[in-house]
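Reading through the structure tokens given below for one structure.
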Amino acid sequence: MYDTGSTTFMLVCTMLVFLMTPGLAFFYGGLDQLLCLPVLNQVLQAAEGNAADGAAYPQIINIAFQMAFAMITAAIVTGSLAGRVKFGAMTAFLGIWLLVVYAPLAHMVWGGDGSFIGDIIGALDFAGGDVVHISSGLTGLILCLMLGRRRGFGMVSYRPHNVPFVALGAGLLWFGWFGFNGGSEFKADAVAALAILNTVTASAAGMVSWLAVERVHTGRPTLVGVSTGLVAGLVVVTPGAGFVEPWAALVMGLIVSPVCYLAISHLKTKFGYDDALDAFGCHGIGGILGGVLTGLFCVPELSWTGKGGLFYTGDVSLLVSQILGIVVTVAIVLVLDLVTAAVVKALFHGSLHVDEADEALGLDASQHGESAYPSFSGLD
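One point on numbering: in this note's numbering, the residue at position 332 of the sequence shown is 388, and numbering is uninterrupted.
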């Protein structure tokens with residue numbers, strides 16, 4: 057017999073995670089200047105998680121839950137490519153990527169006994185800091201470097217075209233993230249409740265912290281900034297949501313916004329890469345920071361490995377494991393991304409970038425023959 061409470065809990069969490077993908081579509085769609093977020097039509101592959109043994113609820117729920125994780129991870133990648141990638145190339149890449157990069161990485165982290173990152177290295181990732189955020193953020197960075205810059209990059213001010221969409225998307229992501237982090241406990245218990253509380257705490261701290269940084273740096277706090285700080289707070293707490301106390305989640309949220317703000321406002325300009333909607337700056341950097349901070353603040357009694365964070369034990373072993381897990385994740389994603397991108401690039405005759413005329417017209421019109429705003433005439 058299945059536990060009805062845990063079954064209901066996981067069903068609700070799964071539905072919440074599915075809500076995150078349209079939420080991200082609104083968030084990215086509002087940020088994008090050229091009004092285009094291509095629809096993801098590729099087949100999404102589920103990956104097994106190490107915390108779910110299927111005893112408390114039907115295993116088919118775990119399949120749906122993991123499929124929702126794969127969907128949102130693939131959707132995050134598209135943020136780096138907005139405005140210039142061929143739709144067919146993007147869908148082909150993401151379809152292959154989920155099979156050869158995401159699914160093996162998920163097994164390495166959450167595969168239980170014998171899993172390379174989660175067991176042998178001993179790195180902790182409660183809900184996807186490595187698997188979801190580092191992998192998608194880094195993949196976005198790699199692809200935007202391969203694609204090259206948008207026309208007018210460095211000369212045109214790419215301002216969000218619809219700020220209410222950004223806020224709506226952030227709100228949907230916030231709501232869905234309760235299922236994302238809480239559901240990663242795979243049962244309705246005190247740890248799931250802690251993960252949800254930490255999700256609220258870190259995200260609120262991220263908003264406040266981003267607002268403060270933006271006010272100091274530009275003199276004008278913005279709704280887009282607050283929404284971005286919210287997402288950064290959600291990202292940073294993801295790897296440690298069920299491992300840390302609420303005060304630590306608060307600290308994590310306060311720290312992540314200045315770090316991600318610096319990555320988005322300075323790092324991108326300094327190195328000249330065109331991460332269109334800052335998937336790397338928010339998800340990649342936020343995921344790395346969250347993994348490291350989990351090594352500092354993990355409560356020993358909540359740890360899957362029994363090892364506590366440096367703050368509690370004075371022992372650096374978990375922190376070292378966290379850093380090593382991040383390094384291995386980056387290495388695996390980098391190598392497999394380059395191979396996958398090379399294959400897809402060959403399939404599309406050596407170019408993933410749309411031509412200049414299509415880019416100027418906007419991908420809604422040039423790739424899909426439609427427009428969210430028919431009166432819009434393209435890039436001025």
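All C-beta atoms in this analysis are idealised placements derived from N, C-alpha and C, irrespective of residue type, glycine included. Predicted model, so just to flag it, every value in this text is computed and none were measured.
Through-space distance from glycine 275 to asparagine 118, alpha-carbon basis: 46 Å
Cut-off 8 Å between Cβ atoms - residues of its own chain near methionine 71, not counting five sequence neighbours on either side: Counting only Cβ-Cβ distances below 8 Å, and skipping sequence neighbours, we find Gly235.
Alpha carbon of methionine 308 to alpha carbon of leucine 352, nearest angstrom: Each residue's alpha carbon lies about 10 Å from the other.
Methionine 66, buried or exposed, once every other Cβ within 10 Å from all chains shown has been counted against 16: buried
Rounded distance between the beta-carbons of threonine 396 and isoleucine 152, thought under 8 Å: 5 Å
Span of the alpha helix (DSSP H) around tyrosine 368: Looking at the DSSP string, the run of the alpha helix (DSSP H) that includes tyrosine 368 is 366-369.
Same chain only: Cβ atoms within 6 Å of leucine 224, ignoring 5 sequence neighbours per side: Phe82
Proximal residues to isoleucine 320 (C-beta, below 6 Å), its chain only, five neighbours per side dropped: For isoleucine 320, same chain residues with a beta-carbon under 6 Å away, outside a window of 5 residues either side, are Asp334 and Gly337 in chain order.
Bridge partners - valine 141, DSSP secondary structure assignment: His409
Burial state of serine 407 (16 or more Cβ within 10 Å): Under a 10 Å Cβ-count criterion, serine 407 is classified as exposed, with fewer than 16 other Cβ atoms of the shown protein chains found around its own Cβ.
Where the alpha helix (DSSP H) through threonine 195 begins and ends: 191-203
Option nearest lysine 401 by Cα separation, candidates Thr64, Cys69 and Thr147: Taking lysine 401 as reference, the option from Thr64, Cys69 and Thr147 with the minimal CA-CA separation is Thr147.
Buried or exposed by the 16-neighbour rule on C-beta atoms within 10 Å, applied to phenylalanine 221: buried
CA-to-CA distance, leucine 197 to serine 427, given in whole angstroms: 27 Å
Isoleucine 444 and alanine 248 closer than 9 Å at C-beta: Residue 444 is absent from the model: the chain starts at 57 and stops at 436.
Helix, strand or coil at phenylalanine 236 according to DSSP, with G and I counted as helix: helix
Three-state secondary structure (DSSP) of phenylalanine 172: helix
Straight-line gap, leucine 358 to proline 302 (C-alpha atoms, nearest Å): 13 Å
Threonine 77 versus methionine 127 - alpha carbon distance: 7 Å
Proximity winner among Gly193, Val348 and Lys142, relative to glutamine 378 (alpha-carbon distances): Val348
Buried versus exposed call for proline 94 [16 or more other C-beta atoms within 10 Å across all chains shown]: Annotation note: pLDDT 37 at proline 94 (below 50); position unreliable, no value reported.
Nonlocal neighbours in the same chain, by C-beta distance under 8 Å from phenylalanine 209, ignoring five residues either side: Asp330
Meets three-Cβ-pair contact criterion under 8 Å: the region 160-175 and the region 184-193: yes
Environment of proline 114 [buried if 16+ CB atoms lie within 10 Å]: exposed
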